[in-house]
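> The structure's right below; bear with me while I get my questions together.
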Amino acid sequence: MNNVLVLTQGFDAWKAQNRTISRRQPMITPSLYIPTINHKRLASKLTTLIASQNPKQIIIDTRPAEAYSGQTSSASRYGHIPSAINIPFEQNIDYSSTELRLKSIEQLATIYADIPKTTSIILYCSMGRASSSTYLSLRELGYNVANYDGSWQEWANDASFSIANPSRSKQGEF
Amino acid sequence: MKFWNKLSIRSQLILLITALIIITQTISFALISLFDTKERHAIAVEQAQTMVRVLNSDMLESLLNPSANNFAELSFKLSGFQSVDAVILVNAQHEQIFIYGEDEYTEMLLNSTIQGYEPIYDKEHLFLKQTVMDNGHTFGYTLAVLDPEQYQTQVQERFTTLMWLFPIELLFALFIAWRLSLRYTEPFSQLAHVMQSNDVKNNTFTRISTQANNEIKQLFNGYNAMISQIERTTEEMRFQSTHDPLTGLLNRYGFENALELSLHRERHHENVLLKIDLDQFKLINDTASLSAGDAILKLIAHHLHQNLPEESVIARLDADNFAILITDCPPDESKTIAKNLLSSLKDFRFIWEDIPLTTSASGGLVNFISYEYTKAELMKLSDSSVAVAKSKGRNKLHIYHPNDQHNQLLRNKTTIVNQIKEALGNGPCQFELYAQTIEPLQTVSSQISYEILLRLRNGEGRIIPPDSFLPTAEQYNLMADIDSYVLWNFLEAVTQHPEHVEQLRSAHVNLAGSSLNHIDFQKTLKKAIETFDFPWHKLEMEVTETSAVSNLNQASDFIHFFRGVGIGFALDDFGTGMSSFDYLKKLPFDIIKIDGSFVKDMHNDPVDHAVIRYIQEISALKNQETVAEYIETEADLLALKEIGITYGQGYYLGKPKPLSDWISPENECIKPLTKTTPTT
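Same order as they appear, the protein sequences are chains V and U. Position one of the first sequence corresponds to residue 1 (this note's numbering), numbered consecutively onward. Position one of the second sequence corresponds to residue 1001 (this note's numbering), numbered consecutively onward.
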């Protein structure tokens, strides 16, 4: 799949700007799709585990600070992946208008200024959706970044994987 | 080395090539083996690296999440690498996390001193340490032990093929070596064969040729050149060994070979062997010079060639002896040839530095047919025939007959020598002294003069004339002994009779020229002078003209000595030799004895008469007295008296008679002079 573009603003902003809207249902012809997965862009539990032990790599937890600190969790355990830092995905979003949109490149660059571009980065969130905004932002900024789509959901639910802040776990709470 | 040198060139070549092949093959095998080991090691290292690369994520997983499940998966994956015997996974804290493999190998690995990341080899195993990393970060490392022998290399396959091929190669090489050796030893075999086929004895050599244009050609050319040189030299030596260098005629050896051949021809071939001995050739050498003698010999050789039948074999045996062999020549023809030859030699005239020289020769002739005599017999017969001819005088030919009296005597030369030695010693043969009167022709004297003569009486009492034993005595160097004997016995006999000595005017004693120079004779004479009381001026020594010429100069000191005591000196047989009248002037003679041959012919030959007269005149001028020999008639006596000759000697004047008769003719009881009583 080539030539895929992602809008920096949502559909509401598109409508508000009175841009053309189509109501037609697109006719999709099934094709024989053979996926090519770039392991540099898509992290697995193993590669994330490896990165968590590699001081040259950075894992960014994009969940809100409460989740990172272990106050909330979408999984069975509370806390975060060892060695991960917390930059919540909301920081990428411009909330100044009703129509949400990604912050400008300059703004984004300011946010991630402390992170060296040579470092390979793995992102995760609760389920792999929220971290996508950070993924796109960082790609725009030119970082070597991969998204761990298994996310906290997968990691926290595998008891054999260690987590940070284990004391704050709320066992039994789902 | 001895053994090696014994081997033929071919064997050496084959062995060398075989050795060379084995050595190169061994080196090849060693190199291949070395490469093989290196390749195995490289493969092992690569395998190990591949393994770590492939299993990197699994190892990382096992390192970071060391769960049984992960270890089980890793073990399963490692088992896929057959050459990997053991693996130990170590984390960043150097804690061993995981061990794979049999105890034997893991222990080996644990005990190994592997430090860096360079592979270590022991005999059969390769030890390798490799990091486990991701994104530039090291999470730990693996230690692995591998068995390189597990790998199938291409080299090994080739090695096996080569091993199979090796005996075939060797056989092929041997075959090539054998073919090559055949080709390259061929010239040597050829040369060896040719050399063996050479007949050195007959001087026939085979040449050798080659198509090659290299060292072989040089060798062959060198050989051919050498052979030619040998042939030439052999031919020269053969010629030299069979020829006389002076005259170019055959020498004794060459002649005897030719004679040998003629002796073994089929029967009924009449051959003739003629020996020629120049008369008084020594005199030419002495009077003229050795070169004159050589020149004459050359001329005579040429003369013989010119005057003899073409098929004659002519040789110079030694100094002045020539031998001629004529095959297919009947006796009457041979006699003519020999006579003509001797006659032509007598007419031979030769002038050397203004001195006219003449010569003559004596010949001994033996007619023979094949197988009649041996070579040695023939040579001996011809020698004695010449001797007989010589004894008859000069320019004589003697033809051998099987019942030849002279030859019988001469054949027994050794008998004669023995008889002489007996006579000089204790008998039974004896010498007897005779004396023949020498009469004054111009005056009448009551005194007596005589010449002492020698007779040999053999064991059977028979008298042997001097001409039968003196030549032999001369030949065997017995003359000094004989002369000493005669002188001593004469003096001993006469000094016992002073009245006889008183009556004696002069006694002539013959002396061989050689005795003059003989130390024994000189001693005897000196001792005689000390021993005997004899009026030495009454003693005259007679030396023949021919022996005088060659000996007088050398003996001058001795002559001076005995002339000092008064002993006189007579020249015997004057006129027969080659000497000129010059000698009469120069030599210190008191008396000249004219050779009998002049006296014998003087009535018929006016030349002879004139010669006698001439000698007399010269002698008179020099105050020398003369003696004429061979006076056999009154006419002789009168003629010589008329010429003025001082003394005469001969049968007409008196025959020789025993000395004892002279000393005391009246006394029948005179003591014998010799050890047994002579009967006269």
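No residue lacks a Cβ here, since even glycine has one placed at the ideal position from N, Cα and C.
Could you tell me whether any Cβ in chain U is nearer than 8 Å to the Cβ of SER120 of chain V?
yes
> Any idea if TRP1662 of chain U is buried or exposed, counting beta-carbon neighbours within 10 angstroms, 16 or more meaning buried?
buried
> Is LYS170 of chain V helix, strand or coil when you go by DSSP?
Note on LYS170 of chain V: pLDDT 49, under 50, position unreliable in the model; the coordinate value appears next. Looking at LYS170 of chain V - three-state DSSP - the assignment turns out to be coil, as it is neither helix nor strand.
> Does the beta-carbon of TRP175 of chain V have 16 or more other beta-carbons within 10 angstroms, so that it is buried, or is it exposed?
Examination of residue 175 of chain V is not possible in this model, given that chain V is present from 1 through 174 alone.
> Compare the C-alpha of ALA1258 of chain U against each of U:ALA1315, U:LYS1335, U:HIS1269 and name the closest.
For ALA1258 of chain U, the nearest C-alpha among the options comes from U:ALA1315.
> Between LYS1298 of chain U and the rest of its own chain, which residues show a CB-CB distance below 8 Å, the 5 nearest in sequence each way excluded?
When the five nearest sequence neighbours on each side are left out, the beta carbons in the same chain lying within less than 8 Å of the beta carbon of LYS1298 of chain U are those of LEU1246, THR1247, in order along the chain.
> Are at least three pairs of beta-carbons, each pair with one atom in the segment 38–49 of chain V and one in the segment 109–118 of chain V, less than 8 Å apart?
At 8 Å Cβ cutoff, the stretches do not touch.
> Which stretch, first to last residue, makes up the alpha helix (DSSP H) that contains GLN1229 of chain U?
1215–1242 is the extent of the alpha helix (DSSP H) around GLN1229 of chain U.
> For a test of the three-state rule: what should DSSP assign to THR1674 of chain U, helix, strand or coil?
Here the model assigns THR1674 of chain U a pLDDT of 42, short of 50, so the residue's position is not dependable and the matter cannot be decided.
> Which bits of chain U does ILE50 of chain V rub up against, with CB to CB less than 7 Å?
By Cβ distance, chain U contributes LEU1060, LEU1064, ASP1134.
> What residue range is occupied by the uninterrupted beta strand (DSSP E) comprising TRP1352 of chain U?
For TRP1352 of chain U, the enclosing beta strand (DSSP E) has its first and last residue at 1349–1352.
> State the Cα-Cα distance for the pair ASN1510 of chain U and GLU1625 of chain U, rounded to the nearest angstrom.
17 Å
> Between U:LEU1357, U:LEU1381, U:GLU1372, which lies nearest to GLY1364 of chain U when the distance is taken from Cα to Cα?
Taking the Cα of GLY1364 of chain U as reference, the smallest distance to any Cα among U:LEU1357, U:LEU1381, U:GLU1372 is reached at U:LEU1381.
> Based on Cα-Cα distance, which residue from U:ILE1519, U:ASP1573, U:LYS1622, U:ILE1452 lies nearest to LYS1538 of chain U?
U:ILE1452
> Measuring only the C-alpha atoms, how far is GLU1095 of chain U from GLY1140 of chain U?
Looking at the two C-alpha atoms, the distance is approximately 9 Å.
> According to DSSP, simplified to helix, strand and coil, what is ARG1613 of chain U?
helix
> With distance defined between alpha-carbon atoms, name the residue in U:TYR1253, U:ASP1520, U:THR1050 nearest to LEU1146 of chain U.
U:THR1050
> Helix, strand or coil: how does DSSP classify THR1204 of chain U here?
strand
> Any contact between the segment 1078–1092 of chain U and the segment 1032–1051 of chain U? By contact I mean 3 or more CB pairs, one from each, below 8 Å.
yes
> What number of angstroms, rounded off, separates the C-alpha of GLU1353 of chain U from the C-alpha of ALA1295 of chain U?
12 Å
> Could you work out which residues of chain V lie near PHE1139 of chain U, taking near to mean beta carbons separated by less than 7 Å?
GLN53
> Answer with buried or exposed for ILE1009 of chain U, where buried requires no fewer than 16 other C-beta atoms within 10 angstroms of its C-beta.
With fewer than 16 Cβ atoms within 10 Å of its Cβ, ILE1009 of chain U is classed as exposed.
> Name the DSSP bridge partner or partners of MET1133 of chain U?
U:THR1138
> Could you compute how far the alpha carbon of THR1677 of chain U sits from the alpha carbon of ILE1464 of chain U?
For THR1677 of chain U, the predicted structure reports a pLDDT of 33, less than 50, and the residue's modelled location is therefore unreliable. A value from the coordinates is still provided. About 17 Å.
> Which same chain residues end up closer than 7 Å to LEU1342 of chain U when comparing Cβ atoms and leaving out the 5 residues on each side of it in sequence?
ALA1361, GLY1363, ASN1395, LEU1397
> Report the residue from U:GLN1280, U:LYS1002, U:PHE1562 whose alpha carbon sits nearest the alpha carbon of LYS1527 of chain U.
U:PHE1562
> When burial is assigned at 16 or more other CB atoms within 10 Å of the CB, is LYS1641 of chain U buried or exposed?
exposed
> Measure the alpha-carbon distance for LYS1282 of chain U versus VAL1494 of chain U and round it to whole angstroms.
37 Å
> Suppose contacts are defined by Cβ-Cβ distances below 8 Å. Is LEU1273 of chain U in contact with ALA1323 of chain U by that definition?
yes
> On the CB-based measure, 16 or more other CB atoms within 10 Å of its CB, does ILE163 of chain V come out buried or exposed?
buried
> List the residues of chain V that SER1075 of chain U touches, going by C-beta distances under 8 Å, in chain order.
Residues of chain V passing the Cβ test: none, with the nearest at roughly 18 Å.
> Whose C-beta lies closer than 8 Å to the C-beta of ASP1058 of chain U among residues of the same chain, with five residues either side of it excluded?
ASN1070, GLU1073, LEU1074, LYS1077
> When the distance is taken between beta carbons, is VAL1155 of chain U closer than 8 Å to ILE1027 of chain U?
no
> Can at least three beta-carbon pairs, one atom from the segment 143–161 of chain V and one from the segment 87–98 of chain V, be found at a separation below 8 Å?
In short, these stretches do not touch, since the Cβ pair count stays below three.
> Using a Cβ-Cβ cut-off of 6 Å (strictly less than) and excluding sequence neighbours within five positions of PHE1558 of chain U, which residues of its own chain qualify?
GLN1522
> Quick one: which chain V residues come within Cβ less than 7 Å of SER1067 of chain U?
SER160
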